[in-house]
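Enquirer: Take a look at this one; I'll ask things after.
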Amino acid sequence: MSETTTPRTFLVTGISSGIGAAVGRRLLQAGHRVVGLARQPERFELPEGLDNANEAFVPLSLDLADLEALPKRLDAARKAHTLAFDGAILAAGGGRFGSLEELSYAQIRDIVDLDLTAQIFCLRWLLPQLKAGRDKARARDLILIGSEAG
Numbered sequence: 039m040s041e042t043t044t045p046r047t048f049l050v051t052g053i054s055s056g057i058g059a060a061v062g063r064r065l066l067q068a069g070h071r072v073v074g075l076a077r078q079p080e081r082f083e084l085p086e087g088l089d090n091a092n093e094a095f096v097p098l099s100l101d102l103a104d105l106e107a108l109p110k111r112l113d114a115a116r117k118a119h120t121l122a123f124d125g126a127i128l129a130a131g132g133g134r135f136g137s138l139e140e141l142s143y144a145q146i147r148d149i150v151d152l153d154l155t156a157q158i159f160c161l162r163w164l165l166p167q168l169k170a171g172r173d174k175a176r177a178r179d180l181i182l183i184g185s186e187a188g
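Structure (structure tokens):
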């Protein structure tokens, strides 16, 4: 991290693997704080040589597919960890491979709920905080990474 970069706090969904894990590692290497959200955040591999891992990475175990409980669980996590975000990278998702006609209606619903609806719920939860914290000194960033299924 350069001396001109101010450390920021980012929420990263899908931290346990794939794009979410890669983004989380890069943010940590740049000196930022990462709140990593996944069903199994313990699977996230911290970058080597990270001196302040306990302060820089906050793992949150949360199943984004449980849409009914999601807003309350997100609020509880924010309060428990006194979290304030400067930005978020919403990269959680999953999928099933095969032709659409081979999937059941329930499978289609599950894919759309996780890959699209859960991301929209997280976005809805984050926006008031990101807007309230806006000032010229700190940028706010929001990135949604979708899947083909979403």
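Under my numbering, the letters of the sequence shown match residues 39 to 188, in that order.
For each residue, glycine too, the CB sits at the ideal point set by N, CA and C.
Note that the coordinates shown come from a computational prediction; the quantities given were computed from them, not determined experimentally.
#1: Would you mind sorting Q157 into buried or exposed? The rule is 16 or more other CB atoms within 10 Å of its CB.
#2: Do A11 and P97 have their C-beta atoms within less than 9 angstroms of each other?
#3: Would L49 and L164 be called neighbours here (beta carbons separated by less than 9 angstroms)?
#4: Run through DSSP, which three-state label would L105 get?
#5: May I have the straight-line CA-CA distance separating L105 from F159, to the nearest angstrom?
#6: Can you tell which of L102, D113 and G52 has the C-alpha that lies nearest to the C-alpha of E83?
Expert: Checking against the coordinates, here is how it stands:
#1: To locate residue 157, count along the sequence shown from 1; it is residue 119. So Q157 ends up on the buried side.
#2: Because the chain is modelled from 39 through 188, residue 11 falls outside the range shown and cannot be assessed.
#3: To locate residue 49, count along the sequence shown from 1; it is residue 11. To locate residue 164, count along the sequence shown from 1; it is residue 126. Yes; because the gap between Cβ atoms is below 9 angstroms, this pair is in contact.
#4: For the purposes of this step, residue 105 is taken as residue 67 along the sequence shown, with counting starting at 1. In the structure shown, L105 sits in coil (DSSP, three-state: anything other than H, G, I, E or B).
#5: The residue labelled residue 105 in the question sits at position 67 within the sequence shown. The residue labelled residue 159 in the question sits at position 121 within the sequence shown. Per the coordinates, the alpha-carbon of L105 lies some 8 angstroms from the alpha-carbon of F159.
#6: What you label residue 83 is simply residue 45 of the sequence shown in a count that begins at 1. The shortest C-alpha separation from E83 is found at G52.
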